[in-house]
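Numbering (this note's numbering), first residue to last: 34 to 305.
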Ligand SMILES: C[S@@+](CC[C@H](N)C(=O)[O-])C[C@H]1O[C@@H](n2cnc3c(N)ncnc32)[C@H](O)[C@@H]1O
């Protein structure tokens, strides 16, 4: 298995995958309980609003987790396959498929080494997973490879400009978000360990649950553009989801996106 540079040493996908596997059980429980408010209230609705019509198209969802976003693509009319590197996520996704079949084929696979022939799909998606892979350039090339010529790849990542290695949400005296402080933008992150938890997980759950842990990777925006173009993809749309005032009032967690985006959506097309 290919190894990637990680904190000056080499890290294999299998090592990174162990962290996601360790997160998968609680992650599934928490997202199904509705604690990923950014995803459900803001990020995925904006992603789907930017998505071209997928009715009748065949697609692959890369880094699908427990499959919630893949199922949304089927409900929009696509025929879907989906992969994730963590077996526990795929087990939960398959169990949901068995209980309420939508025709989705899930399998454990590495986004940097997809188990599909070149030119298989009309489109590919990756919801907040591409930036977690050890080599973004390889992952982009793999997504491009499995697309038919003219097919598109739409993916969401943490916004490289507004969530670089240093980010702090600034608030005024009333607690209202007034700005975002960012720093260390030009410092690449190659797998430094990050620990976090969905902020709406109730205190009693939080007390008995270990935080999520996974290696983090940061690239500048221009590096992302170079990698996308280097994969033979042509950028056709960017999206930067922002909460409406009404959404920020109803879900204060997402109020930081009133002043600057936390996520970046990119759609790119394989040259025909
Ligand atoms: C932040 S979660 C997003 C999950 C899901 N797409 C969603 O939006 O809820 C990142 C996902 O990427 C997966 N992942 C990380 N590295 C991967 C790789 N090399 N190949 C495939 N999936 C990977 C993780 O297991 C995890 O499910």
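Every residue gets a Cβ at the ideal spot worked out from N, C-alpha and C, and that includes glycine. Since we're looking at a predicted model, the values are computed, not measured.
Within the segment 148-188, the complete alpha helix (DSSP H) segments at least 4 residues long are 169-179, listed from N- to C-terminus. In the structure shown, residue 245 adopts extended strand secondary structure according to DSSP, grouped into three states.
In this structure, residue 119 lies near residue 54, with their beta-carbon atoms less than 8 Å apart.
Residue 213: member of the beta strand (DSSP E) spanning 210-216, first to last residue.
Judged by beta-carbon spacing, residue 49 lies beyond the 8 Å limit of residue 96, meaning their Cβ atoms are not closer than that value. By the criterion of a C-beta distance shorter than 8 Å, residue 269 is surrounded in its chain by 185, 300, 301 and 302, once the five residues flanking it on both sides are discounted. Relative to residue 244, the option among 157, 234 and 250 whose CA is nearest is 234. Under the Cβ criterion (8 Å, minimum of three pairs), the segment 83-91 does not count as touching the segment 124-143. For residue 129, the shortest C-beta to heavy atom distance toward ligand 1 is 7 Å or greater. In this structure, residue 290 has its beta carbon at no less than 7 Å from each heavy atom of ligand 1. In the pairwise beta carbon analysis, the segment 164-171 is classified as not touching the segment 62-81: fewer than three pairs are separated by under 8 Å. Taking the Cβ of residue 160 as the reference point, at least one heavy atom of ligand 1 falls within a distance shorter than 7 Å. Using a Cβ distance threshold of 8 Å, residue 52 and residue 246 count as a contacting pair. For residue 264, the distance from the CB to the nearest heavy atom of ligand 1 is not below 7 Å. Residue state for residue 252 is assigned as coil, using DSSP reduced to three classes. The C-beta distance from residue 260 to residue 276 rounds to 29 Å, too long to meet the 8 Å contact threshold. Annotated as proximal: residue 103 and residue 115, with beta-carbon spacing under 8 Å. With a threshold of 16 other beta carbon atoms within 10 Å, residue 305 falls short and is exposed. In this structure, residue 222 sits away from residue 188, with a CB-CB distance that is not shorter than 8 Å. In this structure, the beta-carbon distance from residue 155 to residue 92 falls below 8 Å. Residue burial annotation: residue 74 is buried, with at least 16 other C-beta atoms found within 10 angstroms of its C-beta. Per DSSP, reduced to three states, the secondary structure at residue 87 is coil, with no helix or strand assignment.
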